[in-house]
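Notes follow once the structure below has been shown.
There are 2 protein chains.
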Amino acid sequence: MASIHEEMVQKTKTQIQYHFIALVEEDGFSQVSVKKIAERANINRGTFYLHYVDKYELMDHLQQQLLNELQARITAILPKEVFMALHQQQLYPPFVAIFQFISEHAHALRAILGDKGDPSFAKKVKRVFGEVLLERLISQHPAAKDEEFLKYMNAFMTSAILGVIQEWLENCEEQSVEEMAKIHFQILKFISQLRTFIE
Amino acid sequence: MASIHEEMVQKTKTQIQYHFIALVEEDGFSQVSVKKIAERANINRGTFYLHYVDKYELMDHLQQQLLNELQARITAILPKEVFMALHQQQLYPPFVAIFQFISEHAHALRAILGDKGDPSFAKKVKRVFGEVLLERLISQHPAAKDEEFLKYMNAFMTSAILGVIQEWLENCEEQSVEEMAKIHFQILKFISQLRTFIE
DNA sequence: AAATACATTCAACACTGTGTTAATTAAAGA
DNA sequence: TCTTTAATTAACACAGTGTTGAATGTATTT
């Protein structure tokens, strides 16, 4: 399992990934070249090509890892429990777990979801949110029968959630994981009370 | 004002911009090269450099144009009138005007706000929405005193609005301008009634 | 008609990054 | 000691970049 050669490969790959993330966070993906990655990671440029086809494959690999882990955490959310937690004024642990995960991978996520990041990844994240969360949530509402409306409602809510995460990442996690879970809770509360302005 | 030379310059610039948008929409900004633009626009590669420093300057120019026009239309929105329109179950003309504008510039906006687009432009659009709309809207709410909360609430709402626009662009404007204004109206309605699930 | 002004063209230039290859080095295991 | 294999090194053709200087075409001016 852990032959010396396999360990060498893993160590090199980890080096590449670490410095790749740093570079993307600094200059944006488009400005990152294989040459720069190799220089920063103190490896030969040729070595990079032993492990990855190009910088795009490396990015894909990183994104897939993050997406899988995120999906697992999002799947743990149960809308009914969300409503119960909201009603009882208490934090919902799966939400905390998600913010925890984001915090742990802040550099990578900031690199990919930030200003100079990859919009297609943002879209994938939205899809995960949408599949797991909103199908169940909105389907309870009478207006949910309108498929057209559902599509845009889905875009609205998933974009909103992602927007909050992006804002947090941009502020370099000034707010703690617990604070974010609380803010998230407040926002849900606030939205649910917007009607007071309309009626 | 309209010397022959100035006309030539304008015609060439228009050609460059048109084909640049088409190329970005097809392949994404990162895949677009000055060479491709020149080939597509039937001009010499050198001619491009007579008008723009590089493809980045061209992109900046395009973005600034769109952003200015969008800002003008967003500024016309008055939150009070939005609530009135919502209450009276009628469409709010400034919203229709914005969807109209988006529809007119669908190709450029899809290129910039789409999958292979530029996240920094999305951020700029959000800022415009935020400055004009939400400062006035949220400041009326008691919780608005919490600056931290306000920041994330702002991110939530502006991202949500932009998300709906991106979804529309992605569907190649299957829904008409009027339908979109209506859907937008429905979403606001829906959100304002979410509390029924919580209490 | 000739002179001019100016947008565009064309060919050539050095430069940077890419992806590949073949020969070489270094370190661990049999 | 011999083998295996990751990593190195240097060289290669190739793509696109940004720049330059001379040439071309067209419209206005004298």
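First to last, the sequence lines map onto chains U and Y. Heads up, the first sequence is in our numbering, so the first residue is 1 and it goes up one at a time. Heads up, the second sequence is in our numbering, so the first residue is 1001 and it goes up one at a time. Even glycine gets a Cβ: it sits at the ideal position worked out from N, Cα and C. Owing to the predicted nature of the structure, the values given are computational and were not obtained by experimental measurement.
Taken through DSSP and simplified to helix, strand or coil, N171 of chain U comes out as coil.
Within the model, the alpha-carbon separation for T158 of chain U versus L67 of chain U is close to 15 Å. Shortest Cα-Cα distance from P1079 of chain Y to any of Y:A1111, Y:Q1015, Y:V1132, Y:Y1018 involves Y:V1132. Of the candidates Y:N1044, Y:S1120, Y:F1099, the residue whose Cα lies closest to the Cα of C1172 of chain Y is Y:F1099. Nearest C-alpha to Q63 of chain U among U:I43, U:I21, U:F83: U:I21.
Listed along chain Y are I1187, F1190, each with a C-beta nearer than 7 Å to that of M153 of chain U. Taking all protein chains in view, the Cβ of I74 of chain U is crowded by 16 or more other Cβ atoms within 10 Å, so the residue is classified as buried.
For E167 of chain U, the chain Y residues whose C-beta falls within less than 9 Å of its own C-beta are K1151, Y1152, N1154, A1155, F1156, S1159, listed in chain order. At the C-beta level, A1111 of chain Y and E1025 of chain Y come within 8 Å of one another. The beta-carbon of E148 of chain U is placed less than 8 Å from the nearest beta-carbon of chain Y. In the DSSP assignment, L109 of chain U falls within the alpha helix (DSSP H) that extends over 106-113. The beta carbon of A106 of chain U sits closer than 8 Å to the beta carbons of L169, C172, E173 from its chain, once the five residues preceding and following it are set aside; these are given in chain order. In terms of beta-carbon proximity, P1119 of chain Y lines the interface with chain U, with at least one pair separated by less than 8 Å.
Taken in chain order, the complete alpha helix (DSSP H) segments of 4 residues or longer contained in the stretch 1028-1090 of chain Y are 1034-1040, 1045-1051, 1055-1075, 1079-1087. Pairing H1184 of chain Y with F1095 of chain Y gives a Cβ-Cβ distance under 8 Å.
The residue among Y:E1006, Y:K1182, Y:S1176, Y:L1188 with its C-alpha nearest the C-alpha of E1104 of chain Y is Y:S1176. Spatial neighbours of V1032 of chain Y in its own chain (CB-CB distance under 8 Å, excluding positions within 5 residues in sequence) are listed in chain order as F1020, L1023, V1024, K1055. E167 of chain U and L1150 of chain Y have their C-alpha atoms spaced approximately 12 Å apart. Excluding residues up to 5 positions away in sequence, F101 lie with their Cβ nearer than 7 Å to the Cβ of E69 of chain U in the same chain.
The C-beta of I1004 of chain Y has fewer than 16 other C-beta atoms within 10 Å across all chains shown, which makes the residue exposed. DSSP places S103 of chain U within a helical segment (H, G or I) once states are collapsed to three. Counting other Cβ atoms within 10 Å of its Cβ, A155 of chain U reaches 16 or more and is therefore classed as buried.
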